[in-house]
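**Q**
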Amino acid sequence: MNFSIPLCQWGRHAYVGASHFLFMRQFIFLLTLLALAACAPIRIPLAATPTRAIASTSIAPTNAPPSANATREPTARPSQTPTGTMKIKVFFVALDDKGKSGKAIGCADSIVAVERLIPITTAPLTAALRELFSLRDAQIGQSGLYNALAQSPLKIESVSIIGERAEIQLSGTLKLGGVCDNPRVDAQIKETALQFSNIKSVSVSINGTPLEKILSEK
Numbered sequence: 538m539n540f541s542i543p544l545c546q547w548g549r550h551a552y553v554g555a556s557h558f559l560f561m562r563q564f565i566f567l568l569t570l571l572a573l574a575a576c577a578p579i580r581i582p583l584a585a586t587p588t589r590a591i592a593s594t595s596i597a598p599t600n601a602p603p604s605a606n607a608t609r610e611p612t613a614r615p616s617q618t619p620t621g622t623m624k625i626k627v628f629f630v631a632l633d634d635k636g637k638s639g640k641a642i643g644c645a646d647s648i649v650a651v652e653r654l655i656p657i658t659t660a661p662l663t664a665a666l667r668e669l670f671s672l673r674d675a676q677i678g679q680s681g682l683y684n685a686l687a688q689s690p691l692k693i694e695s696v697s698i699i700g701e702r703a704e705i706q707l708s709g710t711l712k713l714g715g716v717c718d719n720p721r722v723d724a725q726i727k728e729t730a731l732q733f734s735n736i737k738s739v740s741v742s743i744n745g746t747p748l749e750k751i752l753s754e755k
């Protein structure tokens, strides 16, 4: 039996086989592309969300000038004292003043307050008396005021406040220059104590003897 195939028929069969092979390659390539496309994630575009504008807040600077109703501390005060000090009054005599410069006392004199600066203290009455007794000049500066206590070395033993009464206990020696010094000494000590609003009356003793008795014997 003869199975020989003519040459032209063999060539035609070879051409058909090659075409079929190319078709299969293209078909597989397309399937591969479709498979990859199916596996790819699907992206859905999101609608843009509108953002709400944040209102700006203005903050006033801390160094803004005060309002018209604000008040300022004065830069200086007539009664201002240096830090750590306080003002007290001690009393001296204006001779023959007849009550023009201060409260009238005996012998036509006046008792006059003089302000002094002292360190701040919780016992201002004791401090004021100590200041009074420390001044040893009969004439107080250029004021012309007289100090009837200048020759009297007095020391404070105790100061007590009982109700509205000040009780002052002194020790030392009281030296006077004449009968007119009696009301002067009394006024200088007592008016120095009476400058404080919570004190309405004053009793004074020297070495345990009331001042009134000592003065009555001079």
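Just so we're aligned: the sequence shown equals residues 538 to 755 in the numbering used here.
Virtual Cβ for every residue (Gly too), placed ideally from N, Cα, C.
These numbers come from a predicted model, not from an experiment.
#1: Name the residue from ILE648, LEU713, PHE733 whose alpha carbon lies nearest to the alpha carbon of LEU752.
#2: Mind listing, in chain order, the continuous beta strand (DSSP E) runs of no fewer than 3 residues lying wholly within the stretch 605-678?
#3: Is the beta carbon of LEU682 less than 8 Å from the beta carbon of VAL649?
#4: Quick check on the DSSP output: the beta strand (DSSP E) that includes SER689 runs from which residue to which?
#5: What do you get for LEU686, buried or exposed, if any count of 16 or more other CB atoms within 10 angstroms of its CB means buried?
#6: So, using beta-carbon positions, are SER638 and ALA645 closer together than 8 Å?
#7: Thinking C-alpha only, which one of LEU711, ILE642, GLU694, ALA665 is nearest ARG653?
#8: Just how far apart, CA to CA, sit PRO661 and ILE625?
#9: Comparing C-alpha positions only, which one of LYS750, MET623, LYS727 sits nearest to ARG702?
#10: Using a 10 Å radius around the Cβ and a threshold of 16 neighbouring Cβ atoms, would you call VAL716 buried or exposed?
#11: Which same chain residues, not among the five before or five after SER671, have their C-beta less than 7 Å away from its C-beta?
#12: Consult DSSP for ILE751 and reduce its assignment to one of helix, strand or coil.
#13: Quick one: using the 10 Å Cβ neighbour count with 16 as the cut-off for buried, is SER647 buried or exposed?
#14: Between the beta-carbon of GLU525 and the beta-carbon of SER708, is there less than 8 Å?
#15: Out of THR658, VAL696, LYS750, which one is the CA nearest neighbour of THR620?
#16: Using a 10 Å radius around the Cβ and a threshold of 16 neighbouring Cβ atoms, would you call ASP674 buried or exposed?
#17: Could you tell me the distance, in whole angstroms, from the CA atom of GLU749 to the CA atom of ILE642?
#18: Would you report the Cα separation of LYS640 and PHE629, rounded to the nearest angstrom?
#19: Using only the alpha-carbon positions, how far apart do VAL741 and THR729 sit?
#20: My output table needs one value for THR746: the three-state DSSP class, helix, strand or coil.
#21: Give me the Cα-Cα distance between LEU691 and GLY700, rounded to the nearest whole angstrom.
#22: Smallest Cα separation from VAL627: which of ASN744, THR746, PHE733, ASP633?
#23: Identify the continuous beta strand (DSSP E) that holds LEU707 and give its terminal residues.
**A** In brief:
#1: LEU713
#2: 622-631, 647-656
#3: yes
#4: Unbroken run through SER689: none, as it is neither H nor E.
#5: buried
#6: no
#7: ALA665
#8: 8 Å
#9: LYS727
#10: exposed
#11: none
#12: helix
#13: buried
#14: It is not possible to answer for residue 525, since the shown part of the chain is limited to 538 through 755.
#15: THR658
#16: exposed
#17: 15 Å
#18: 11 Å
#19: 12 Å
#20: strand
#21: 25 Å
#22: PHE733
#23: 702-709
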